[in-house]
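What follows is a single structure, written as C-alpha cells, with notes after it.
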Amino acid sequence: MQFTGTGKYHISDELAEIVNMALAMEKPLLLTGEPGTGKTQLAFAIAEALGLEMEILRAKSTFRGEEACYTQDTVLRLNDSRFPDAKSGRNVQNFDDYIIWGPIGRAFRSEKRKVLLLDEIDKTESDVQDNLLDVLEDSEFTIRETNTRVKATQKPVIIITSNAKRELSDPFLRRCFCHHISFPAVDEMKQILALHFPEFSGPVLEAALRIFYELRSRCFEKAPATSELIQYIDAIRRRGYSVEEVERTPLPGILLKRAADLLAFRGQRKIKGE
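Letter 237 of the sequence shown, counting from 1, is numbered 237 in full-length UniProt numbering, and no numbers are missing.
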C-alpha cells in the first residue's frame, strides 16, 4: 500500500513519507495542526486512494472509551422484556442480541480492512486516550458483560487528529507516529487550489489570495481556513469577478464565520474609509 495523495488532496513529500511508514508498520498516525489544515480530510483521502471503507469516531468531552467498541440497546431490551415478541428472534437473556457496535467494534469485526479515524482525540480525558490505544495496539477488546473477547479480523489503518486543545499524554504520544500539518504557505496553497480549480489562475486568483492571507493575519476569533478559501475562490469564479471587484467586495460572509469577526471586519473597513 502506497499513498501519494488524490486528485483533490495535495500532500507534501514529508507527510506522504510518514503516512506510508505508518501503513507499512501498522502504527497509529497522529496528525496535529490548527482547524482547517486538512487533518480529517487526509483520512478520507487515504481511504479513497486505497479503496478502503471508513469508520469515524468523533470524540467529545463526555466520551467513554467503551462506547467506541460497543454499547447496549437498553431501551430495546427493556421493551422486549415487557412486550416479548417471538418473531423478533431476540432473547432478552442474551446480551449479544442487544449489542450496538461502535466504530472500533465495526472496524475489528469487518472482514475487509478499514480506515479508522479518531477525530479530535484531544477532547477526551487522558485515561480514555490511553485506554483506546491499548485496545488498538492489542487489536482486541473484551465485552465486560459476557467476558467475550472481540479480536480484529483485519487491523485497521488508524488515523488520529488533534487540534491541541488539550495536551496528550506522553504514553499516548510514544505509541504513535506524529506529524504536525502547518497551515499552507501561498505557493503550497496554489497547488491545493489547482487540484480544485485547474482552469482558474492569474491576477484574480492572486488578488483573492492576498485578501485571504491578509484576513488570516488579523486577530480574529476564527481565522479563515482552507475550506473557506475554496468556497471563496469558487464564489469568485462562478460570479466572474474582476481584480477590482475582488478588492472592492471581499465577501467576508464566506471567509469569516463568527459574528464578532464580521463586526470587527466591518469596523476596520469603516476606520480605513473603505
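Beta carbons are placed, not taken as given, at the ideal position from N, Cα and C, and that holds for glycine.
Only a predicted model underlies this, so the values are computations on that prediction, with no experimental measurement involved.
Cα separation between residue i and residue j?
| i | j | result |
| --- | --- | --- |
| S110 | D138 | 16 Å |
| A223 | S182 | 14 Å |
| E244 | H179 | 40 Å |
| C219 | L262 | 12 Å |
| G267 | R238 | 28 Å |
| F200 | K27 | 39 Å |
| G7 | L42 | 12 Å |
| I158 | T142 | 20 Å |
| H196 | I230 | 8 Å |
| T40 | T161 | 7 Å |
| residue 295 | R216 | Because the chain spans 1 through 274 in this model, residue 295 falls outside it and cannot be assessed. |
| R113 | T249 | 48 Å |
| T71 | I236 | 47 Å |
| I271 | S169 | Residue confidence for I271 is low, a pLDDT of 41 falling below 50, so the modelled location carries little weight; the figure read from the coordinates is stated next. The straight-line gap from Cα to Cα measures roughly 46 Å. |
Under the three-state reduction of DSSP, which class applies to residue i: helix, strand or coil?
| i | result |
| --- | --- |
| K151 | strand |
| D261 | helix |
| Q93 | coil |
| I11 | coil |
| E17 | helix |
| Y232 | helix |
| Y98 | helix |
Select from the options the residue whose C-alpha is nearest the C-alpha of residue i.
| i | options | result |
| --- | --- | --- |
| Q65 | G5, V243 and L118 | Checking the sequence, you will find Gly at residue 65 rather than Gln. Cα-wise, what sits closest to G65 is L118. |
| Y241 | F220, G7, A264 and L205 | L205 |
| S227 | G38, L168, E14 and L57 | G38 |
| E167 | T142, I46 and Q129 | Q129 |
| S81 | D97, L195 and I11 | D97 |
| P103 | S217, M54 and L133 | M54 |
| A259 | P198, M25 and E221 | E221 |
| A24 | F44, G36, L136 and P156 | P156 |
| I100 | C69, H10, A264 and R113 | C69 |
| E48 | V246, Y9 and G105 | Y9 |
| P198 | K112, F177 and I233 | I233 |
Counting beta carbon pairs with one atom in the region 147-154 and one in the region 171-191, are three or more of them shorter than 8 Å? no
Counting pairs of beta carbons, one from the region 26-33 and one from the region 86-99, are three or more of them closer than 8 Å? no
Would you list, in sequence order, the uninterrupted alpha helix (DSSP H) runs of no fewer than 4 residues that lie entirely inside the region 149-197? 170-174 and 186-196
Taking one C-beta from the region 207-215 and one from the region 155-175 each time, how about it: are there three or more such pairs within less than 8 Å? no
Starting from the N-terminal side, write out each stretch of the beta strand (DSSP E) that is 3 residues or longer and does not extend beyond the region 26-59. List check, beta strand (DSSP E) in window: 29-32 and 53-58.
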